[in-house]
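*Asks:*
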Amino acid sequence: MTEQTRLPVWCGGEEWCPVTSTATLIGRKWHPVIVERLLDDGPMGFSELKEAVDGISSKVLSDVVEDLEQKELLDRAIISEKPFRVQYSLTDRGADLRPVIEAMDRWGRDHLQSASDEEESIV
1 MTEQTRLPVW CGGEEWCPVT STATLIGRKW HPVIVERLLD DGPMGFSELK EAVDGISSKV
61 LSDVVEDLEQ KELLDRAIIS EKPFRVQYSL TDRGADLRPV IEAMDRWGRD HLQSASDEEE
121 SIV
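In the numbering used here, the protein residues as written are 1 to 123.
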């Protein structure tokens with residue numbers, strides 16, 4: 001990976017905390033899911049990405065990809081004007097989240113299971 005400038009993230013308290021700052025950057029519900037799908041499947045268009053992520057609305061997906069782009073984790077490329085098509089891919093910084101996403105996957109497999117219904121779920 002090429003040398004990148006570090007992103008400034010404010011962290012309350014007396015000392016800057018890298019865990020809190022990272023959680024602030026990617027801790028929203030859909031952020032790690034989108035990163036994981038792009039890590040696994042490579043660049044995707046909006047419709048492909050929406051289909052790959054169960055339960056996300058078009059509005060929420062639009063907001064998430066915009067936020068990830070502003071945070072320099074995702075690139076948006078215009079593929080064609082007519083019809084208008086875009087493609088999303090991870091930046092080098094976004095791809096560097098692979099070990100974090102893999103650790104989340106391992107932890108989830110080791111400590112979580114599918115709930116039979118919404119009432120049984122702890123979240």
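Beta carbons are placed, not taken as given, at the ideal position from N, Cα and C, and that holds for glycine.
Would you tell me roughly how many angstroms separate the C-alpha atoms of Pro-99 and His-31, rounded to the nearest one?
*Replies:* For the purposes of this step, residue 99 is identified with residue 99 of the sequence shown, where counting begins at 1. For the purposes of this step, residue 31 is identified with residue 31 of the sequence shown, where counting begins at 1. Their Cα atoms are separated by approximately 15 Å.
*Asks:* Given a cut-off of 8 Å, decide if Thr-91 and Leu-181 are closer than it, judged by their beta-carbon atoms.
*Replies:* Because the chain is modelled from 1 through 123, residue 181 falls outside the range shown and cannot be assessed.
*Asks:* Within its chain, find whatever has a CB closer than 8 Å to the CB of Asp-105; leave out the 5 residues flanking it on each side and keep chain order.
*Replies:* Locating residue 105 in the sequence shown gives position 105, where the first residue counts as 1. Correct list, in chain order: Glu-36.
*Asks:* Name the one or two DSSP bridge partners that Ile-79 has.
*Replies:* What you label residue 79 is simply residue 79 of the sequence shown in a count that begins at 1. None, per the DSSP bridge assignment.
*Asks:* For Ile-79, count neighbouring C-beta atoms within 10 Å of its own C-beta (all shown protein chains included) and say buried if the count is 16 or more, exposed if not.
*Replies:* Walking along the sequence shown from the start, residue 79 turns up at place 79. Ile-79 is exposed by the Cβ-count criterion.
*Asks:* Just to check my reading of the structure: Asp-63 and Ala-52 have Cβ atoms closer than 8 Å, yes? What is that Cβ distance to the nearest angstrom?
*Replies:* Here the question's residue 63 lines up with position 63 in the sequence shown. Here the question's residue 52 lines up with position 52 in the sequence shown. Incorrect: roughly 17 Å between the Cβ atoms, too far for contact.
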